[in-house]
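Participant: Protein chains in written order, with the working numbering: chain H, 112 to 385; chain R, 181 to 278.
The structure's right below; bear with me while I get my questions together.
Here is the structure:
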C-alpha cells in the first residue's frame, strides 16, 4: 500500500535532510547543541514515517517488531550507560550501523542491473565491514575486554597489503557480474581490513579512530543510498562522511597528532601513543 | 534517478558537510561525533525498504537483522548524545555557581 505519491515522499525526505543539516549546525555550538540533536531525531522520525507511507512494503508487522526489538535493546542501554563508558557505546552503535548498511547492500545484489550499482554495492560491503569489525575491536579495547595497547605483529603491513589486494580483486569480480559468494568474500575481507586497521592503534588514539570509523559508516550509508536510489540516504551518509572527516582531523589536531600518523605510524615501525 | 543527478547531490552534500562543522569548538567534539553517529542510523530507511521487498524467508531474516541493528544505531545514538549534552549543561552550571 502506498499512501503518498512520489513527489510528497521526495519532499518529506528533503525535510528530513534539512533537519540533519540543522542538527549538525546546532551540534557545533554549545548553546544550540541539545536542540540540534533533537532536530536530528525529529528528521529521522519524519524519514521513517515517510518510508512506511511511500513504499509498497510487505512484512510490515515483522518490520515493526524488529524496530521495537532494536529500540528495546538500545534505549535502556543508552539511558543507563556511565559517562566513562559512552565512547565505547558510540563505537558499538557505529559498528552496528555499518553492519546494517553492509547487509542492505548484500541483499540488493540480486536486483543490481547496472555496473555502477554493483560498484556501489561493493563499496558499501567493504566500508560497512571495515566499520563494523573495526568498531567492535575498539569497543573491546575501551571496555577492557581486550588490551587497550597497540597490538603489532611482524609482517602486518604485508598481510594488510595482501588482504586489500584480494578484496579489490573480489570486488572487481562482483562489479563485473561475479557470483553472490564473491560478495560474501568481499564482506569477509573488509572485516579483516577493519581488524588489522584498528589493532595497531592504542590508548589515547582510540577515540580518534572511532571518529574515523564513524565517517566510514557515513560513506557506507551514502553508498547504500546509491544502491537503493534513495536520495535521503545519500545526503545523510555523505553529510556524516564529510563532517566526520573534518571532525576526525580536528580531534587529532587538538591532541597534536596527525590522522595518518595514528593509522600508519605502527606500520612504519614506530608506536602509537598509549 | 540517474547516476549524474545522484552524483551532483553527493558532491554538494560533501561541501555542506565540510562547512557546517568547520567551526566546532573542541569541547563539543565527542557529542558531535555521537550526533553524526546517530544520523547515519538513518540507514534504517534502507533496511525497511529491503525488508519490505523480501519474499524469500532467509532474505527477510537478514533484512530484519539489519532493521534491528539500524534502529539500535539510530535510537541509541540520539539518546546517548542527548545524555552527553545534558551532562555538559550540568557541568557548566555547577562550575558557574562554584
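All C-beta atoms, glycine included, are put in the ideal place defined by N, C-alpha and C.
Taking 7 Å as the threshold (C-beta atoms), are residue 355 of chain H and residue 216 of chain R in contact?
Facilitator: Yes. Within cutoff.
Participant: Spell out whether any CB of chain H is found under 7 Å from the CB atom of residue 194 of chain R.
Facilitator: Residue 194 of chain R counts as touching chain H.
Participant: So, do the region 234 to 241 of chain R and the region 156 to 167 of chain H have three or more beta carbon pairs nearer to each other than 8 Å?
Facilitator: At 8 Å Cβ cutoff, the stretches do not touch.
Participant: Counting only the same chain and skipping the five closest in sequence on each side, list residues whose C-beta sits under 8 Å from that of residue 362 of chain H.
Facilitator: 318, 319 and 322, listed in sequence order.
Participant: Could you compute how far the alpha carbon of residue 311 of chain H sits from the alpha carbon of residue 163 of chain H?
Facilitator: If I take the Cα positions, the gap works out to 43 Å.
Participant: State the DSSP-derived secondary structure class of residue 170 of chain H, mapped to helix, strand or coil.
Facilitator: It is coil, neither helix nor strand.
Participant: I'd like the span of the alpha helix (DSSP H) that includes residue 289 of chain H, first residue to last.
Facilitator: Premise fails: residue 289 of chain H is in no alpha helix (DSSP H) and is neither H nor E.
Participant: Kindly confirm or deny that the region 202 to 217 of chain H and the region 237 to 247 of chain R touch, where touching means at least three C-beta pairs closer than 8 Å.
Facilitator: Contact between the region 202 to 217 of chain H and the region 237 to 247 of chain R is present, because at least three Cβ pairs lie under 8 Å.
Participant: Contact between the region 229 to 240 of chain H and the region 265 to 285 of chain H: three or more CB pairs below 8 Å?
Facilitator: Judged by Cβ distances under 8 Å, the region 229 to 240 of chain H makes contact with the region 265 to 285 of chain H, as three or more pairs qualify.
Participant: Given a threshold of 16 other Cβ atoms within 10 Å of its Cβ, counted over all protein chains shown, does residue 193 of chain R qualify as buried or as exposed?
Facilitator: When all chains shown are included, residue 193 of chain R counts as buried.
Participant: Looking at chain R, is there any beta carbon in it that lies within less than 7 Å of the beta carbon of residue 344 of chain H?
Facilitator: Residue 344 of chain H counts as touching chain R.
Participant: At least one CB of chain H closer than 7 Å to the CB of residue 184 of chain R: is that the case?
Facilitator: With 7 Å as the cut-off, residue 184 of chain R does not count as an interface residue toward chain H.
Participant: With 7 Å set as the bound, which would you pick, yes or no: does the beta-carbon of residue 211 of chain R sit closer than that to a beta-carbon of chain H?
Facilitator: Judged by the 7 Å Cβ criterion, residue 211 of chain R is in contact with chain H.
Participant: For residue 188 of chain R, would you say it is in contact with chain H, using Cβ-to-Cβ distances shorter than 7 Å as the test?
Facilitator: Chain H contact via Cβ: absent.
Participant: Please name the residue in H/347, H/153, H/189 and H/316 whose C-alpha comes closest to that of residue 330 of chain H.
Facilitator: The shortest C-alpha separation from residue 330 of chain H is found at H/347.
Participant: Closest to residue 124 of chain H by CA distance: which of R/264, R/226 and R/204 is it?
Facilitator: For residue 124 of chain H, the nearest C-alpha among the options comes from R/226.
Participant: Fully enclosed by the region 273 to 349 of chain H, which beta strand (DSSP E) runs are 3 residues long or longer?
Facilitator: Correct list: empty.
Participant: Can you list the residues of chain R that residue 197 of chain H reaches, using a CB-CB cut of under 7 Å?
Facilitator: Simply 260 and 264.
Participant: Going by the beta-carbon positions, is the gap between residue 135 of chain H and residue 230 of chain R smaller than 7 Å?
Facilitator: Cβ atoms of residue 135 of chain H and residue 230 of chain R: not closer than 7 Å.
Participant: Could you tell me the distance, in whole angstroms, from the CA atom of residue 161 of chain H to the CA atom of residue 127 of chain H?
Facilitator: One C-alpha to the other measures close to 10 Å.
Participant: Which chain R residues sit within Cβ distance under 9 Å of residue 349 of chain H?
Facilitator: Here the neighbours are 189, 190, 191, 192, 193, 194, 196 and 197.
Participant: Between the alpha carbons of residue 357 of chain H and residue 211 of chain H, how many angstroms are there, rounded?
Facilitator: If I take the Cα positions, the gap works out to 24 Å.
Participant: Could you tell me whether the Cβ atoms of residue 258 of chain H and residue 324 of chain H are closer together than 7 Å?
Facilitator: Not in contact: residue 258 of chain H and residue 324 of chain H (Cβ atoms no closer than 7 Å).
Participant: Do you know whose CA, among H/185, H/294, H/223 and H/335, lies nearest residue 190 of chain R's CA?
Facilitator: Taking only the C-alpha atoms, the option nearest residue 190 of chain R is H/335.
Participant: If you count every other CB in all the chains shown that lies within 10 Å of the CB of residue 203 of chain R, and 16 or more means buried, which is it?
Facilitator: The residue is exposed, with fewer than 16 neighbouring Cβ atoms inside 10 Å.
Participant: Are the CB atoms of residue 307 of chain H and residue 271 of chain H nearer to each other than 7 Å?
Facilitator: Result yes, Cβ atoms of residue 307 of chain H and residue 271 of chain H sit closer than 7 Å.
Participant: Could you work out which residues of chain R lie near residue 328 of chain H, taking near to mean beta carbons separated by less than 7 Å?
Facilitator: Within chain R, the residues near residue 328 of chain H are 220.
Participant: Is the CB-CB distance between residue 131 of chain H and residue 147 of chain H below 7 Å?
Facilitator: No, Cβ-Cβ distance for residue 131 of chain H and residue 147 of chain H is not below 7 Å.
Participant: Would you please verify whether the beta carbon of residue 200 of chain R is less than 7 Å from any beta carbon of chain H?
Facilitator: For residue 200 of chain R, the answer is yes, since a Cβ of chain H falls inside 7 Å of its Cβ.
Participant: What's the gap between the Cα of residue 122 of chain H and the Cα of residue 273 of chain H?
Facilitator: Distance between the alpha carbons of residue 122 of chain H and residue 273 of chain H: 46 Å.
Participant: For chain H, is any of its Cβ atoms less than 7 Å away from the one on residue 241 of chain R?
Facilitator: Chain H, which has no Cβ nearer than 7 Å to the Cβ of residue 241 of chain R, makes this no.
Participant: So, for residue 207 of chain R: in the same chain, excluding its five sequence neighbours on each side, which residues have a beta-carbon less than 8 Å away from its beta-carbon?
Facilitator: 268.
Participant: Using the rule of at least 16 other Cβ atoms within 10 Å of the residue's Cβ for burial, across every protein chain shown, is residue 219 of chain H buried or exposed?
Facilitator: Classification for residue 219 of chain H: buried.
Participant: Leaving aside the five residues before and after residue 338 of chain H along the sequence, list all residues of the same chain whose C-beta is less than 8 Å from its C-beta, in chain order.
Facilitator: Hits under 8 Å: 215, 216, 219, 223, 228, 231, 232 and 235.
Participant: Against chain R, which members of the region 150 to 165 of chain H pass a CB distance test of less than 9 Å?
Facilitator: Correct list: 151, 152, 154, 155, 158, 159, 161, 162 and 163.
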